[in-house]
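Data block below; observations after.
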Amino acid sequence: MNRLRHQILLLAIVLVSAVSLTILISVWISTAKYTQKQITGDIALAERVFDQILEERQSQLTASARILTLDFGFRQAVATWDIPTIKSALLNQGDRISANFLVLLNPNGELVTSIVANEDSQAEIDAMDKFDSAYLLASSQQEGASNASFVIHDKRLYQVIVIPVRAPNIIAWAGIGFRMDADLAQQLLNITNLNVSFVQKNASETRIFASTLEDENLAEAIEAHTTIDQSFRIPLLKNQQFSSSSRPISDNPNGPIEAILTASLSEAFADFDQLRDAILVITIIIIGLAAIGSAFLSNNLAGPLAELEGIARRMAQGDYQPLPKVKTRTREIDALFSAFRSMGDEIKEREERILFQATHDPLTGLLNRAEMIRQLEDLIHHSTKPFLLLSININGFRHVNDTFGPAVGDKCLIAVANRLLDLGDEVLAARSGADEFHLVCSPEIEETMKHLGKRIEISLCKSFRFDSLNLNLTFSIGAAIFPDNGNDAHTLSRRAGIALDKVRSESRGLGYYEDGEEEAHLDRLALLEDLKKALEKDDGQLRMYYQPKQNLKTGEIEKCEALIRWIHPERKFVSPDLFVALAEQSGLIARLTDWVILTVIKQVAVWQADGIMLQAAINISAQDLEREELLPMVLDELGKHALAPDALSFELTERDMMSDAEKAMHLMENFTRRGFQLSVDDYGIGQSSLSKLKQMPVSEIKIDKSFVQPLEESESDRIIVRSTIELGHRFNLKVIAEGVETQKALDLLHAMGCDFIQGYFLARPMPPGELNQWLAEREPALPSDSALNS
Amino acid sequence: MLVPIILRVVIAAIHLLIAIPYMSLAAEKVTFNVVDQNGTPVKEAVVELIPTLATDLSMPNTRQVMDQLDKQFTPRTLLITRGDSVAFPNSDNIRHHVYSFSPAKRFEIPLYAGTPGTPELFDKSGVVVIGCNIHDSMIGFIYVAASPFAGLTDDQGFTSIENTVDQPNMQAFQALILWHPQLSLNAQDTLSFKFEDLQQSPDGTISLTMPFTLIPTNTD
């Protein structure tokens with residue numbers, strides 16, 4: 094990821110560079126082309142001028158030469174071959190027209206005499222004797238009317254005007270030589286503005302006769318191309334320096350003689366180069382300015398952004414300190430900063446709210462359980478001061494809600510919370526469940542823990558007044574003491590909970606955790622786990638025992654009660670009261686009941702197949718009754734084994750039946766409608782009235798063994814049993830007594846008209862095999878003759 | 078100078094004696110036809126016959142005229158015999174400066190109009206090139222023949238020479254000289270032919286071929 098700063102910088106530089114370079118290049122190219130065109134034009138013009146000048150020079154020279162040859166005296170001298178006169182005339186004329194040399198040839202082209210202009214060297218004069226006059230004449234005639242010939246003599250190039258001396262026919266030829274020297278080249282340069290070089294080119298070499306060029310450039314310039322390609326004149330590189338075009342002057346056996354016109358491109362392009370350099374510099378300056386400008390801009394932007402980044406990071410870490418004032422010149426950045434500021438404030442506020450909600454109960458404003466535990470841990474961590482942890486439950490709070498409506502319920506909760514908070518400044522109060530509170534409270538000086546607990550209970554139990562409503566609430570309070578009952582929050586809380594459970598089950602107001610209770614609690618939990626496994630495995634740990642019931646009228650065994658037994662692999666026999674109660678508390682009862690029903694149905698089916706007709710009674714709980722799927726399941730299973738509903742009956746405890754009588758009645762009717770018999774178990778120990786009982790769709794009541802066992806000794810129990818039997822019969826209910834352990838009891842019950850008995854006197858609960866044997870071997874336990882007689 | 082003249086007279090006399098048998102015939106004319114390499118008739122060519130015997134023939138001292146008309150010498154080529162005089166009248170209304178640097182006759186008649194006082198005497202045989210100092214284009218030729226046996230070709234390149242020597246046919250002449258200005262730049266050169274080399278056509282015409290291609294003059 095690129096930094097914003099770099100991106101802005103890059104963008105600006107790229108854009109400006111692109112624009113500048115485009116302009117630069119287009120100006121560059123077009124200017125170069127324009128300049129090139131201009132220069133090419135200039136050169137072409139100069140070439141024409143050059144040609145013209147050379148031509149004019151030739152006619153001038155010719156004209157001046159003609160003056161000599163037309164001179165009558167000269168002609169006369171020639172005609173008479175008066176050599177001294179001829180020489181003097183030539184010399185005179187040569188001076189007059191600044192010729193370098195003059196020669197006179199006879200009509201056949203043989204050299205008659207020659208004159209070298211006075212400034213020339215003796216060597217040249219000597220060389221003149223070897224003058225190739227025949228060639229001169231031939232070439233001049235060949236070149237026709239121009240009369241001019243270019244000859245190389247003594248390493249110098251001469252333009253020689255050869256004109257006839259007529260008298261009036263040609264009597265001789267006069268040749269007037271003009272050296273093509275640097276002066277001439279310079280003159281031509283002055284006029285044409287092009288460097289001029291006179292050269293002879295042949296395959297092996299280029300002879301240079303004269304040039305206006307500097308010696309060091311000479312070779313390069315002469316060989317330079319005519320065409321100019323300077324679209325890109327890149328500075329500091331070696332560019333084409335010269336453009337040369339050659340103008341043929343004359344043929345020569347040793348190679349053509351040419352004038353090379355050389356334009357110095359570096360001079361011609363000087364203006365262009367200057368312009369180009371200026372543009373280049375301007376471009377660089379612009380790019381530089383763009384870089385500086387964008388750096389400034391990006392700093393202006395990126396600086397505050399980096400600052401904001403830091404602020405956002407701090408905010409992420411929960412630091413909502415007011416934002417520092419940042420100096421910016423950008424309104425948007427300012428706006429961003431103020432947005433950040435308000436965002437920070439709002440997040441802070443929201444976070445506080447969320448934090449509060451996360452740690453507090455919204456209704457009462459008390460801590461929630463987790464926060465209470467946390468604060469408790471803090472407290473324990475920081476201090477060793479003893480305190481009391483109370484787990485408080487409002488008894489029957491559901492009734493308050495149901496009776497007075499949830500608004501009152503909420504008011505109650507708030508009122509309770511306020512009372513908890515009123516207990517002291519240093520209390521930790523938490524609402525940890527619907528009607529559950531936790532309170533951490535330290536005793537005052539010289540106050541015992543028990544006293545503190547009592548004080549709290551008393552202050553809570555004062556009646557509450559809501560508008561016109563006066564409400565008395567009772568509480569179950571479990572207490573754990575720090576550091577006696579534990580030195581960490583979880584242990585304390587758990588133990589307070591155990592104490593609460595104990596208090597609730599014992600229907601007391603306040604109870605303290607006592608050592609070992611937790612272990613027992615854990616033991617029960619372990620047992621529950623084992624029960625679950627036993628149900629899953631179904632490996633014989635759980636088994637059904639059957640206790641026969643005898644019809645006192647007939648003495649026959651018509652029924653039996655199916656009782657579950659659990660032989661734990663380690664604990665061996667586990668009390669059914671214990672594990673059934675555990676199963677009920679933990680919701681495992683449904684699976685347990687299902688298992689029982691299936692097992693019993695199978696057994697009944699086996700019995701019926703063996704011709705043993707026993708109605709098996711199964712204990713079901715209120716929880717079982719509420720399960721809609723139970724009845725169809727039972728019917729289904731019976732159907733599978735082709736059994737009629739009267740093969741089973743169900744026993745419900747009085748307490749289960751009466752806790753929600755209306756509902757229970759409705760559910761029970763479903764069973765009776767299907768033909769099942771229902772009986773009331775443990776009758777007598779509950780708080781039910783017979784008047785309620787009569788509305789129940791039951792066909793049998795079972796008198797609790799607590800009345801039956803002391804029957805022989807206790808008159809009052811005898812009265813209760815007798816009257817119960819009578820009442821039951823009045824309501825057309827069969828009555829069965831359980832816990833019959835003696836013949837005497839049997840006799841008494843028989844006398845009281847009890848319909849069935851069940852008890853050790855008759856038989857213990859037995860596994861099916863034993864029961865079968867017992868049935869086969871039994872002597873009917875009948876009322877003793879004395880009883881029968883009495 | 079005298080001895081050679083005597084010698085030549087003697088030789089001429091001997092020749093004459095030998096030629097007597099041939100002279101029986103009346104004077105006859107020989108016609109020459111001069112053409113260039115392309116067969117184009119060459120006018121203004123001079124054919125001069127060299128007599129076999131040296132004869133000191135009478136000098137007629139004829140007076141000839143080379144006029145100047147329209148900045149031209151008229152005629153351009155004048156055939157005269159040694160000893161003749163030539164007058165150079167100026168028929169133009171401008172002045173001329175007639176001169177000659179030719180070895181046969183050097184003279185100069187400075188700027189004049191009309192007819193100059195005395196004609197020029199041409200007493201040496203040869204070619205005299207006549208010019209005008211102020212009009213370069215004016216050029217004239219005077220062929221000074223050594224004997225009267227010379228002829229100037231007409232426009233068709235024909236010329237006839239009368240054999241006044243009492244010798245039959247052409248035996249009176251040992252050689253033939255042919256001249257035309259175009260033969261050389263200085264117009265002095267001539268061509269020589271031996272008579273026995275010449276072919277005579279049945280009608281008696283002798284054809285002579287110039288070794289050049291005729292350049293037409295601007296007067297044509």
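One line per chain: the protein sequences are A and B, in this order.
Taking the working numbering, the leading residue of the first sequence gets 94, the next gets one more, and so forth.
Taking the working numbering, the leading residue of the second sequence gets 78, the next gets one more, and so forth.
Each residue gets a CB set at the ideal place from its N, CA and C atoms; glycine is no exception.
Owing to the predicted nature of the structure, the values given are computational and were not obtained by experimental measurement.
Any C-beta of chain B under 7 Å from that of residue i
{"i": "A:P341", "result": "no"}
{"i": "A:R159", "result": "no"}
{"i": "A:A238", "result": "Since pLDDT at A:A238 reaches only 49, below the 50 mark, its modelled position is unreliable, and the value read off the structure follows with that caveat. No, because no Cβ of chain B sits closer than 7 Å to the Cβ of A:A238."}
{"i": "A:A267", "result": "no"}
{"i": "A:I301", "result": "no"}
{"i": "A:I264", "result": "yes"}
{"i": "A:P346", "result": "no"}
{"i": "A:G134", "result": "no"}
{"i": "A:P200", "result": "yes"}
{"i": "A:A260", "result": "yes"}
CB-CB length for residue i against residue j, believed under 8 Å
{"i": "A:L521", "j": "A:V533", "result": "4 Å"}
{"i": "A:Y776", "j": "A:E747", "result": "5 Å"}
{"i": "B:Y220", "j": "B:T154", "result": "7 Å"}
{"i": "A:L841", "j": "A:L804", "result": "5 Å"}
{"i": "B:A227", "j": "B:V124", "result": "7 Å"}
{"i": "A:F243", "j": "A:I353", "result": "A:F243 to A:I353, Cβ: 14 Å. No contact."}
{"i": "A:H661", "j": "A:Q634", "result": "7 Å"}
{"i": "A:I380", "j": "A:S110", "result": "5 Å"}
{"i": "B:F250", "j": "B:T129", "result": "6 Å"}
Delimiting residues of the alpha helix (DSSP H) encompassing residue i
{"i": "B:P279", "result": "It is not in any alpha helix (DSSP H) - B:P279 carries neither H nor E in the DSSP assignment."}
{"i": "A:W659", "result": "Segment 650 to 661 is the beta strand (DSSP E) holding A:W659; no alpha helix (DSSP H) there."}
{"i": "A:P861", "result": "861 to 870"}
{"i": "A:V667", "result": "It is not in any alpha helix (DSSP H) - A:V667 instead sits in the beta strand (DSSP E) that spans 665 to 667."}
{"i": "A:D471", "result": "462 to 475"}
{"i": "A:Q279", "result": "275 to 285"}
{"i": "A:H843", "result": "836 to 845"}
Short CB-CB distance (under 7 Å) between residue i and chain A
{"i": "B:I186", "result": "no"}
{"i": "B:I157", "result": "no"}
{"i": "B:G208", "result": "yes"}
{"i": "B:S101", "result": "Unreliable positioning characterises B:S101 in this predicted model, as indicated by a pLDDT of 34, which lies under 50. The coordinate reading is nonetheless provided below. Answer no: the Cβ-Cβ gap between B:S101 and chain A never drops below 7 Å."}
{"i": "B:F289", "result": "no"}
{"i": "B:I219", "result": "no"}
{"i": "B:I171", "result": "no"}
{"i": "B:P193", "result": "no"}
{"i": "B:I216", "result": "yes"}
{"i": "B:F199", "result": "no"}
{"i": "B:F150", "result": "no"}
{"i": "B:F178", "result": "yes"}
{"i": "B:P98", "result": "Its pLDDT being 39, under 50, B:P98 is placed unreliably in this model, and the coordinates cannot settle the point."}
Segment limits, beta strand (DSSP E) that includes residue i
{"i": "B:N110", "result": "105 to 112"}
{"i": "A:G437", "result": "Where A:G437 is concerned, there is no enclosing beta strand (DSSP E), although the alpha helix (DSSP H) it sits in stretches over 424 to 452."}
{"i": "A:V533", "result": "529 to 534"}
The segment 155 to 188 of chain A: positions lying closer than 9 Å to chain B by Cβ: Listed by position, the residues of the segment 155 to 188 of chain A near chain B (Cβ gap below 9 Å) are L163, F165, R168, Q169, V171, A172, T173.
Just by C-beta distance, which residues in the segment 250 to 280 of chain B are closer than 8 Å to chain A? Flagged, chain order: P258, S261, L262, N263, A264.
List, from N- to C-terminal side, the beta strand (DSSP E) runs of 3 residues or more that fit wholly inside the segment 537 to 565 of chain A. 557 to 559, 562 to 564, all fully within the segment 537 to 565 of chain A.
Any beta strand (DSSP E) of 3 or more consecutive residues that is wholly inside the segment 479 to 526 of chain A: The segment 479 to 526 of chain A contains these whole beta strand (DSSP E) runs: 480 to 487, 521 to 524.
For the segment 724 to 792 of chain A, which segments carrying the alpha helix (DSSP H) assignment without a break, of at least 4 residues, lie completely within its bounds, in sequence order? Listed in chain order, the alpha helix (DSSP H) runs fully inside the segment 724 to 792 of chain A are 747 to 752, 754 to 766, 783 to 788, counting runs of at least 4 residues.
Counting only runs that start and end within the segment 327 to 391 of chain A, where is the alpha helix (DSSP H) found for 4 or more residues in a row? Listed in chain order, the complete alpha helix (DSSP H) runs (minimum 4 residues) inside the segment 327 to 391 of chain A are 358 to 361.
Mind pulling the alpha helix (DSSP H) runs of 4 or more residues that sit fully within the segment 557 to 624 of chain A? Counting whole runs of 4 or more residues, the segment 557 to 624 of chain A contains the alpha helix (DSSP H) stretches 582 to 598.
Alpha helix (DSSP H) runs wholly inside the segment 105 to 186 of chain A, at least 4 long, in chain order: With a minimum length of 4 residues, the continuous alpha helix (DSSP H) runs that stay inside the segment 105 to 186 of chain A are 165 to 172.
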